[in-house]
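Take a look at the structure set out below.
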Amino acid sequence: MSVLRLAVPTPLRRLFDYLPPAELSEQELAGLKPGIRVRVPFGRRELIAILVDVAEQSTVPTEQLKAALEILDSEALLPQSLQTLCHWSSDYYQHPIGEVFSAALPKRLRKGLPVQEQGEAAWQLSDRGKGLPEGALPRSPKQAAALALLQQQTQVSTATMKAQGISTAVLRSLREKSLIEACTMPIAPQAGISREGLPLNDDQRQAVEGIAATLGEFQCHLLEGVTGSGKTEVYLQLISHCLAQGLQALVLVPEIGLSPQTLDRFRERFDAHIVVLHSGLAEGQRYRAWEAARSGAAHIVIGTRSAVFTPLAKPGLIVVDEEHDSSYKQQDGFRYSARDLSIKRGQLHNCPVVLGSATPALESLHNAQQGRYWHFQLPQRAGGATLPQIQCLDIRREPLQAGFSATLLARIAEVLQQGDQVLLFLNRRGYAPSLQCHDCGWVAECQSCDARLTLHLRQRQLRCHHCAAYRALPNRCPDCHSSQLLTTGVGTEQAERLLQQHFTQWPTYRVDSDSMRGRYAMEELAAQVNLGEPCLLLGTQMLTKGHHFPKVSLVAVMDADALLFSADFRGEERMAQLLTQVAGRAGRAGRPGQVILQTHHPDHPAVQAMLHQSYAEQAERLLAQRKANGLPPAGQLIMLRSDCVDAATGEEFLLQLRRQFEAEPISGCQLIGPLPSPMPRRQGRHRSQLMLSATGRPAALRAAPRLVALAEALPKARGLNWTIDVDPSELS
Ligand SMILES: Nc1ncnc2c1ncn2[C@@H]1O[C@H](COP(=O)(O)OP(=O)(O)OP(=O)(O)O)[C@@H](O)[C@H]1O
Ligand SMILES: [Zn+2]
-16 MSVLRLAVPT PLRRLFDYLP PAELSEQELA GLKPGIRVRV PFGRRELIAI LVDVAEQSTV
44 PTEQLKAALE ILDSEALLPQ SLQTLCHWSS DYYQHPIGEV FSAALPKRLR KGLPVQEQGE
104 AAWQLSDRGK GLPEGALPRS PKQAAALALL QQQTQVSTAT MKAQGISTAV LRSLREKSLI
164 EACTMPIAPQ AGISREGLPL NDDQRQAVEG IAATLGEFQC HLLEGVTGSG KTEVYLQLIS
224 HCLAQGLQAL VLVPEIGLSP QTLDRFRERF DAHIVVLHSG LAEGQRYRAW EAARSGAAHI
284 VIGTRSAVFT PLAKPGLIVV DEEHDSSYKQ QDGFRYSARD LSIKRGQLHN CPVVLGSATP
344 ALESLHNAQQ GRYWHFQLPQ RAGGATLPQI QCLDIRREPL QAGFSATLLA RIAEVLQQGD
404 QVLLFLNRRG YAPSLQCHDC GWVAECQSCD ARLTLHLRQR QLRCHHCAAY RALPNRCPDC
464 HSSQLLTTGV GTEQAERLLQ QHFTQWPTYR VDSDSMRGRY AMEELAAQVN LGEPCLLLGT
524 QMLTKGHHFP KVSLVAVMDA DALLFSADFR GEERMAQLLT QVAGRAGRAG RPGQVILQTH
584 HPDHPAVQAM LHQSYAEQAE RLLAQRKANG LPPAGQLIML RSDCVDAATG EEFLLQLRRQ
644 FEAEPISGCQ LIGPLPSPMP RRQGRHRSQL MLSATGRPAA LRAAPRLVAL AEALPKARGL
704 NWTIDVDPSE LS
């Protein structure tokens, strides 16, 4: 007797056995392929599952097995290599396989809708049209031409008709006469054509030649190139090698790095079918892009994190741009790292993977040093631009206006007067991060989180940046009714006001998630700024990623102190990356750039390092510290988090887990905690964490399934949730 072994989208970490649908013949059963969708009853619902295997028998007694309802596909939706990637991810991240498959499929298919062959709108003769006697063509010459075309070729695309001067109006009137009918024509994959690239400098050429030599085999490459060194040009030329071999390229970009400028560079370079996959797409658009990638019609697939699961008919190259970026790690649900999975994918497809960054993650540098990755360096800016000078501006005892020192304001004025642009980095949106009563000390706090509320003056609201809570801005203190409410700290909204008042002649553009709503906001802004008129750009991290503003010659970090004193062991690495990236926006074309860090801690070692060391030198020092402390990449971490409405339950659960794990310890593994999370209460839930530190991958690979098995076996208190995070990127 045959049993269908299925991955069902549920939070349970196991496969489910079902009997085949009753009407399925033996022959049909033998033809079932892993990777097809099956509709199954599950509790009171119906779910869409993925077939993993057809087994001879089940461990569940036959009478308890339910029958599947319907087989939805004849061919696997995902190629074998991607199915393997899903299984591997499920094991590695200890995430339920059903949910992993869901993450890999577009919503349309998850809902059970049929696979749609993608085609081009076209026309063919109707039966009446076919029966038209010779010489009985319509009198209109255009209509006659259209019919003549269709008599020669069975189907002609609307685009071809247009190229022949036949308008849609002509085609419509032929359809009204029932002579022709609409149809879809399969898109014949065409060769992607590359236009000529820039002449490469020696470093770029070495990288392109070295990496291109590995097309057709698996090899991971680290492309470490300072900001503006022309990494993108290296990707473009590698992709053109890839297209020349008839292969597809997958390019991953950080969530907010998918700038229109980047896309334009691809579109200008290639006469090829380029599809884009990101979270802002409508369901239908996403599906069409996915299908084009899967069928091989798309030559280049550019996407954010989840695009790492896009099937490719002829995979040739994977590029991960800004590989250090934290948006590659999913922070909830299925907590995978798209960078790490792309390397696994390269292995499965036998294709090279390029990790590119000006500020590579310590993990990647470590792998390069160990000889696992080939390491290519671009130490100079391309096209003759020089790297900017970084200075620190000691603001102790300096009066500040909305976070600006007089010295900085004067410097900004000079640059604007010279006709250049200024970029100001302030990583805090809103007007002020805190509101306090001057008389009684009351502080506006979120009722559900251990966090202060941010003042948004334009909307006259207090908002929590950790949950959706907001309330109207009070006029008086709710405790003592004093009207003396004061703000502390400065956000972008406040800094923007000051700039507008101070620099009336020049426009200020604010770039943060409040001001950049709408899909085209960033695109329009970039176009405006690149007209080259002097202006002020003020923004959060959004402004720092991948943008190329050639006229910016001064970059100022308004509050460098906000980046110091992080509790996370990655704090200093992140600071060095962020500041190097921000600084890298200055002086990208010809004119030398200048970077100013405003700080109260000019002697802090991290600030000093920014002034006197390159990122590579800082990374070397930080890596040595990590090794000394057994922290990643020298060791591996696994985080177990619990959350519950009351504080004690979660902690008790993690404590039990620790005891059970330690009853039979795994060598090379050490548990730390349970401890309250850095933000102990969020959205009304108390959060605790238990961290496992392993000396290396083998120990971690043994520990992860064991922790999950123990946690699943523990009695679960009402309302308690727990999650596992393998290779956590944030310790919060
Ligand atoms: N070989 C070259 N000759 C002349 N100009 C070049 C060359 N390569 C790149 N450039 C130019 O240098 C500028 C910076 O290049 P690019 O944006 O590719 O750098 P990047 O390393 O990707 O930068 P970042 O990491 O800061 O985003 C671009 O204007 C690009 O056109
Ligand atoms: Zn909140």
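To convert, note that position 172 of the sequence shown is 155 in my numbering; the numbers rise steadily by one, no gaps. Each residue gets a CB set at the ideal place from its N, CA and C atoms; glycine is no exception. In this text the structure is predicted, and so the values were computed from the model without any measurement.
Among the options, whose alpha-carbon lies nearest the alpha-carbon of residue i?
{"i": "P588", "options": "V565, A559, L(-2)", "result": "A559"}
{"i": "D626", "options": "G667, P648, A607, E603", "result": "G667"}
{"i": "C166", "options": "Q189, A105, I655", "result": "A105"}
{"i": "D544", "options": "G386, T632, H282", "result": "G386"}
{"i": "G279", "options": "L230, L260, H261, Q313", "result": "L230"}
{"i": "L(-13)", "options": "I621, V23, R178, D186", "result": "V23"}
{"i": "G316", "options": "K327, S289, H349, H332", "result": "S289"}
{"i": "L376", "options": "A195, L614, H583", "result": "H583"}
{"i": "Q653", "options": "R664, P661, P659, L640", "result": "L640"}
{"i": "P182", "options": "L154, I194, G213", "result": "G213"}
{"i": "R411", "options": "T475, L537, L445", "result": "T475"}
{"i": "D254", "options": "A195, R328, G199, S177", "result": "S177"}
{"i": "M662", "options": "A455, A630, V535", "result": "A630"}
{"i": "Q608", "options": "F552, L638, L594", "result": "F552"}
{"i": "S498", "options": "L482, T523, S320", "result": "T523"}
{"i": "V590", "options": "E556, A569, G613, G567", "result": "E556"}
{"i": "G791", "options": "L520, V21, N333", "result": "Because the chain is modelled from -16 through 715, residue 791 falls outside the range shown and cannot be assessed."}
{"i": "S123", "options": "L108, K160, A146", "result": "K160"}
{"i": "L638", "options": "F(-1), L684, W705", "result": "W705"}
Secondary structure at residue i, three-state DSSP: helix, strand or coil?
{"i": "L233", "result": "strand"}
{"i": "N350", "result": "helix"}
{"i": "V217", "result": "helix"}
{"i": "T151", "result": "helix"}
{"i": "G515", "result": "coil"}
{"i": "H485", "result": "helix"}
{"i": "N458", "result": "coil"}
{"i": "T42", "result": "coil"}
{"i": "S417", "result": "strand"}
{"i": "I194", "result": "helix"}
{"i": "D707", "result": "Note on identity: in this sequence residue 707 is Ile, with Asp being the wrong assignment. In this structure, I707 counts as strand in the three-state DSSP scheme."}
{"i": "F317", "result": "coil"}
{"i": "K113", "result": "helix"}
{"i": "T527", "result": "coil"}
{"i": "A50", "result": "strand"}
{"i": "L468", "result": "strand"}
{"i": "I163", "result": "strand"}
Report yes if the C-beta distance between residue i and residue j is below 7 Å; otherwise report no.
{"i": "A(-10)", "j": "G81", "result": "yes"}
{"i": "L205", "j": "H358", "result": "yes"}
{"i": "L157", "j": "I149", "result": "no"}
{"i": "G618", "j": "S549", "result": "no"}
{"i": "P294", "j": "P62", "result": "yes"}
{"i": "P616", "j": "L345", "result": "yes"}
{"i": "V337", "j": "V234", "result": "no"}
{"i": "H421", "j": "L370", "result": "no"}
{"i": "Q672", "j": "R642", "result": "no"}
{"i": "T471", "j": "S388", "result": "no"}
{"i": "V37", "j": "L15", "result": "yes"}
{"i": "V139", "j": "L130", "result": "no"}
Given this structure, state the Cα-to-Cα distance separating residue i from residue j, to the nearest angstrom.
{"i": "R604", "j": "A427", "result": "41 Å"}
{"i": "P343", "j": "G263", "result": "27 Å"}
{"i": "M541", "j": "I378", "result": "10 Å"}
{"i": "I755", "j": "E46", "result": "Given that the chain is displayed from residue -16 to residue 715, the structure contains no residue 755 and the question cannot be resolved."}
{"i": "F636", "j": "Q564", "result": "42 Å"}
{"i": "Q601", "j": "A592", "result": "7 Å"}
{"i": "S64", "j": "Q202", "result": "17 Å"}
{"i": "A87", "j": "I373", "result": "43 Å"}
{"i": "A452", "j": "P659", "result": "22 Å"}
{"i": "I655", "j": "M674", "result": "5 Å"}
{"i": "E266", "j": "E53", "result": "24 Å"}
{"i": "R111", "j": "P298", "result": "45 Å"}
{"i": "D247", "j": "V217", "result": "16 Å"}
{"i": "Q690", "j": "F644", "result": "Sequence check: residue 690 is Leu here, not Gln. Cα to Cα, the separation comes out at about 7 Å."}
{"i": "G613", "j": "R252", "result": "45 Å"}
Between residue i and chain D, is there a C-beta pair that is closer than 7 Å?
{"i": "A617", "result": "Absence of chain D from the displayed structure is noted, only one protein chain being present."}
Checklist entry - Which residues count as close to ligand 2 when the rule is a CB under 5 Å from any of its heavy atoms, in chain order? => result C429, S431, C432, C447, H449, C450, A452
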